[in-house]
Amino acid sequence: MRKILYMLAAVLTLASCGDRNGGQNGNNTELTLEQKLYGQWHSTSVAIDADIYMSFAEDGTFELYQQIGEGAYRLYRGSWNLEDSLLTGKYNDGEDWAAGYEVSIEGSTLSLTSVNDTAEESLYEKSEIPESVKEGCVVEVKSFTNTPAL
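Just so you know, we're using the working numbering here: the sequence shown kicks off at 96 and counts up by one.
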């Protein structure tokens, strides 16, 4: 009888040490890189003099709000694709991004490193896009060659 009580106590102790919330997304599995990418981001370090907000939606679309200097934010839209850790995309006019990007996400920090000759790294933090940015932006239907890549 004593053995059974010890075994029952051990089982209950182990069971109580488990993750009560079922892991990060409810089923003890780690989020995929794509799932971590979903959401809104704000630039903290980019290779150009610009302030950038961007969002990646689950339906494969993106919005990029970019302010160069003191001008208005410009809004670019399009679609994105993540294969392994390579992020690529197209603007709504069908033009490809200037480069693809190797993606890494640690906590709330997103790192995008271009896979072209310059291999520039840009850093972003999870952040809501302010309404003032959304309301005051100029919508760009067509991308242009001087548009800095993500």
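Quick reminder that beta carbons are idealized off the backbone N, C-alpha and C, glycines included.
Return the residue from the list the options that minimises the CA-CA distance to residue i.
| i | options | result |
| --- | --- | --- |
| residue 212 | 233, 185, 195, 134 | 195 |
| residue 126 | 200, 155, 147 | 200 |
| residue 235 | 186, 223, 150 | 186 |
| residue 216 | 148, 205, 160 | 205 |
| residue 155 | 147, 182, 146, 232 | 182 |
| residue 214 | 224, 193, 231 | 193 |
| residue 150 | 223, 231, 227 | 223 |
Assign residue i to buried or exposed, taking buried as 16 or more other Cβ atoms, counted over all protein chains shown, within 10 Å of its Cβ.
| i | result |
| --- | --- |
| residue 141 | buried |
| residue 117 | With a pLDDT of 42 at residue 117, under the threshold of 50, the modelled position of this residue cannot be trusted; read the value that follows with caution. By the neighbour-count rule (16 or more Cβ atoms within 10 Å), residue 117 is not buried but exposed. |
| residue 173 | buried |
| residue 96 | Residue confidence is low: residue 96 scores 40 on pLDDT, short of 50, so the model does not pin down where it sits. Its coordinate-derived value is still stated next. Burial call: exposed. |
| residue 233 | exposed |
Under 8 Å between the Cβ atoms of residue i and residue j?
| i | j | result |
| --- | --- | --- |
| residue 162 | residue 171 | no |
| residue 229 | residue 136 | no |
| residue 218 | residue 139 | yes |
| residue 134 | residue 157 | no |
| residue 190 | residue 210 | no |
| residue 203 | residue 128 | no |
| residue 188 | residue 164 | no |
| residue 132 | residue 147 | no |
Helix or strand or just coil, what does DSSP make of residue i?
| i | result |
| --- | --- |
| residue 226 | helix |
| residue 190 | coil |
| residue 129 | helix |
| residue 234 | strand |
| residue 143 | coil |
| residue 246 | Summary: the structure shown does not reach residue 246, with the chain confined to residues 96 through 245, and so no result is reported for it. |
| residue 158 | strand |
| residue 196 | strand |
| residue 153 | coil |
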